[in-house]
Amino acid sequence: MRRLKIGLLSLAVLLLSACDNASSRDVHLLSGGAPAELARTHLAAAALKQQNFNVTIEEARLGQIWQRLWAGKADASVTVWLPQASAPFVERFFDRLDDLGPKDAGLSLGTELVPLHDKPHTLVRRSLAQDAPEAVALLRDLQWQPADIEQIIERWQLSQDWSLAAESWLAEQASSESFKP
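Numbers -22 to -1, 1 to 159, taken from mature numbering (1 follows the signal peptide of the UniProt record, and there is no 0), label the letters of the sequence shown in order.
And the structure:
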């Protein structure tokens, strides 16, 4: 009988601990491979990490970003070029995703793959709002200027470490009004 009580008590503790962590603290970001896309993604990751999220970043091509977000294999991307570059994917994959809008005017990728009037948007899987509402709120509120992204790229050129470049830039901006995570 004593073993049964201990077993039931252990089960109750496990169930309660599972209920305490109602929202996930893990966020999987997808990024394009261009320097401006990597700078944006690592900046978003640095802001999420400041709020105690565990962030992983994976590079992917534009079509793969849409597919992985739609399939739930990733949570968000701050580098989805809209409207023209993503036109082939919108109708096919948009039903499970939310567009949180553009975060900046965009920087040229130096290729003809991105139409002139496209801007990088933040795209999240719709279920992330239930899984990690704080992460969605933070991603929705993130704003930066093209000059901010250029500064992070310059830092990366010195360190060759995207996380270090974004985190050190963000730390310097903490008291500034130019960036608010």
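Quick reminder that beta carbons are idealized off the backbone N, C-alpha and C, glycines included.
From residue i to residue j, what distance separates their C-alpha atoms?
i: Ser55; j: Ala152; result: 23 Å
i: Ala107; j: Thr100; result: 14 Å
i: Trp122; j: Ala144; result: 12 Å
i: residue 177; j: Leu148; result: Since the first residue of the chain shown is -22 and the last is 159, residue 177 is not available in this structure.
i: Glu128; j: Ile43; result: 23 Å
i: residue 173; j: Phe67; result: Because residue 173 is not part of the residues shown, which for the chain are -22 to 159, the question remains open.
i: residue 217; j: Gln135; result: Missing from the structure shown is residue 217; the chain here goes from -22 to 159 and no further.
i: Thr57; j: Arg46; result: 14 Å
Buried or exposed: residue i, going by 16 or more other Cβ atoms within 10 Å of its Cβ?
i: His20; result: buried
i: Ser137; result: exposed
i: Arg18; result: buried
i: Ala12; result: buried
i: Arg133; result: buried
i: Pro98; result: buried
i: Ser154; result: exposed
i: Asp126; result: buried
i: Ala52; result: buried
i: Gly41; result: exposed
DSSP state of residue i, grouped into three classes?
i: Trp59; result: strand
i: Lys27; result: helix
i: Ala54; result: strand
In chain order, what residues of the same chain have a beta carbon less than 7 Å from the beta carbon of residue i, not counting five sequence neighbours either side?
i: Leu26; result: Val5, Val33, Ala113, Leu116
i: Arg74; result: Trp48, Arg103, Arg104
What residues in its chain sit with their C-beta under 6 Å from that of residue i, if we drop five residues either side in the sequence?
i: Ala24; result: Ala144, Glu145, Leu148
Mind the definition here: the segment 18 to 38 touches the segment 61 to 73 only if three or more C-beta pairs lie below 8 Å; say whether that holds.
-> no
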